[in-house]
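Quick note on the working numbering: the sequence shown kicks off at 1 and runs consecutively.
All residues carry an ideal CB built from backbone N, CA and C; glycine is no exception.
These notes are about the structure you will find just below.
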Amino acid sequence: MPQVVIIGGGLAGPVLALALNKQEISSAIYELRPRTYRSGGNIAIAPNAARVLNNIGVYVRLRTQGFNYEEISFENGSGNVLGKFLNGSQKQYNFAALRIKRSIVHDELLAACERRGIPVHYERKFKGIASETDQGATALFEDGEEVTAGFVIGCDGIHSKVRNHIEAVQPVFSGLMGIMGSTMEAELTSMHAESHPSLPSMMFGANGSFAIMPSSFDGKNIGYFATIEAEDRSQEEWSQLYQNKSELHQWLTDRFASSASRWPSLVQELCEKTPQDTLTSWPFFSVPELHNWKSTAGRVIVIGDAAHAIPPTGGQGAAMAFEDAETLSYVLGRLSDLHLALPGGSHKLFAGEILEKWQRHRQDRTVKVLDFTSKNGTLRKSSPHAYEQAAKEWIIWAALKLMGPEAGAKWLYSYNAENVLGVIA
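Laid out in structure tokens, this is it:
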């Protein structure tokens, strides 16, 4: 019997399992999708995310499979540079930023789980919490199987079923969506022109934003992330849009590569030449603030998008889930030392106090990160009037001019999950 049952085998679930393994806490992962499932698109690994991956022993394998960089160029929709932002730094944070295929990160995490003997059960549909006491919880699956453990941790994303056991809330659409794609540098004639944007770059235009970021170690695979406004849809309709590559391609060309477009030629060429099978969509949802990330008895907990969906406009979605996972592993390690994390463990009051301190610590940081992300999201929105676009460009220019490339982000990228031990002491 595992000490911890993890619902969800995306990114947060395996990170949690590997972090728990370091604390000598056994776990098992239960994943809805088949082993052959591959998520598309690229992912941003900021220094605080890289630090977690390094602590669980997978970062070294990842850094040579993605694009390492420090500065990102902020530009307007015509390609004029507004300033440079330090997205990572070996000198400042001990880690550069990394742009990498999400599927590579997922595969490396699962391979690490396999090497360490952590079981992953695929095609297992979680139904709900069958029962919970102050000594453990039982997860119920659609096939009728029940699995009991000291803790059940929900890493099952924004539409979390585990969250419903704690607090029933529905995700809220932000009004923005992202479309991602990629192609090889050799296919892009604009990359060989002297006037092409400095990469990686983030362009803020009148009808959306467009980030161009290589995602391979040699920088030859050129990925991009376009942010545009969209109407809300049902879950089924969002899924259909994700599969409809021709519609996604049409959205891109209409916005960024029409005859009236003022976007740089590289942006237009990327939209026109991207192989459609590389296109993915990502609606930006948020989860209304949860009062609790843990159940009353404290044996059911949610982390990552299940607790606080972070829109990708700040490049911190994965990082916050990774931080949640590593900090929680230290907390459960502390409880295990006190024999409270095992099925049948007692002293519920003391355990509850420790979990409460962890929760407040993570909630406080999440509020700050959401504010950071929200401000970035506002800048990515359309500015239909010339004065709005001018104001947006001035804000970006002034902020980077006054604060420098670091732009006051040291608190964000310097975070070390191990410091939570001082919080719960």
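Closest Cα partner of residue i within the set the options
i: E393; options: S78, A17, E70 and K22; result: S78
i: P171; options: F74, P14, A306 and F256; result: A306
i: I104; options: R115, G88, K125 and F67; result: F67
i: L53; options: L82, A17 and Y224; result: A17
i: A297; options: F151, R255, G41 and E75; result: F151
i: K220; options: S201, F372, E185 and H192; result: E185
i: K294; options: I303, G41, D143 and R334; result: I303
i: S281; options: L379, L176 and A390; result: L176
i: W263; options: E145, E75, A46 and N419; result: E75
i: A417; options: Q235, H361 and T327; result: T327
i: G9; options: E123, V60, K91 and L20; result: E123
i: K22; options: V287, K357 and G333; result: G333
i: A149; options: V169, V5 and P34; result: V5
i: H121; options: S131, N419 and V147; result: V147
i: Q235; options: M191, G88, F173 and D218; result: F173
i: E24; options: L270, N55, Q3 and Q250; result: Q3
i: L270; options: V287, P288, N376 and Q250; result: Q250
Limits of the unbroken alpha helix (DSSP H) element including residue i
i: R102; result: R102 to R115
i: G13; result: A12 to K22
i: F256; result: K245 to F256
i: E326; result: G317 to D337
i: I395; result: A386 to M403
i: V423; result: V420 to I424
i: V60; result: Y59 to R63
i: P47; result: P47 to N55
i: A306; result: D305 to H308
i: Y69; result: Taken as a continuous stretch (DSSP letters only), Y69 belongs to no alpha helix (DSSP H), being part of the beta strand (DSSP E) at F67 to Y69.
i: Y93; result: Q90 to Y93
Residue i: first and last residue of the uninterrupted beta strand (DSSP E) it sits in
i: P275; result: Unbroken run through P275: none, as it is neither H nor E.
i: A28; result: S27 to Y30
i: N221; result: N221 to E229
i: A409; result: Segment: none, A409 is in no beta strand (DSSP E) and carries neither H nor E.
i: K84; result: V81 to L86
i: A417; result: Element bounds for A417: n/a, residue is neither H nor E.
i: F210; result: G208 to P214
i: V300; result: V300 to V302
i: G205; result: S201 to G205
Presumed contact (8 Å Cβ cut-off) between residue i and residue j, rounded CB distance
i: K161; j: G128; result: 7 Å
i: A112; j: G57; result: 7 Å
i: T138; j: K273; result: No, T138 and K273 are not in contact; Cβ-Cβ is about 52 Å, not under 8 Å.
i: I424; j: I354; result: 5 Å
i: Y330; j: L188; result: Going by Cβ atoms, the distance from Y330 to L188 rounds to 45 Å, so no, they are not a contact pair.
Beta-carbon spacing of residue i, residue j below 8 Å
i: A97; j: Y69; result: yes
i: I222; j: G208; result: no
i: A211; j: L252; result: no
i: F284; j: G352; result: no
i: R102; j: P214; result: no
i: K245; j: Q268; result: no
i: F126; j: Y242; result: no
i: A230; j: S383; result: no
i: G181; j: T278; result: yes
i: L109; j: V15; result: yes
i: L412; j: N94; result: no
i: A409; j: I43; result: no
i: I72; j: S201; result: yes
i: M320; j: T366; result: yes
i: F85; j: A398; result: no
i: S39; j: H106; result: yes
i: E114; j: L290; result: no
Interface flag, residue i vs chain B, CB-CB below 8 Å
i: Q170; result: Any reference to chain B falls outside this structure, which holds one protein chain only.
Just list the alpha helix (DSSP H) runs in the segment 113-187, keeping only unbroken ones of 4 residues or longer that don't cross its boundaries, in chain order.
-> 163-166
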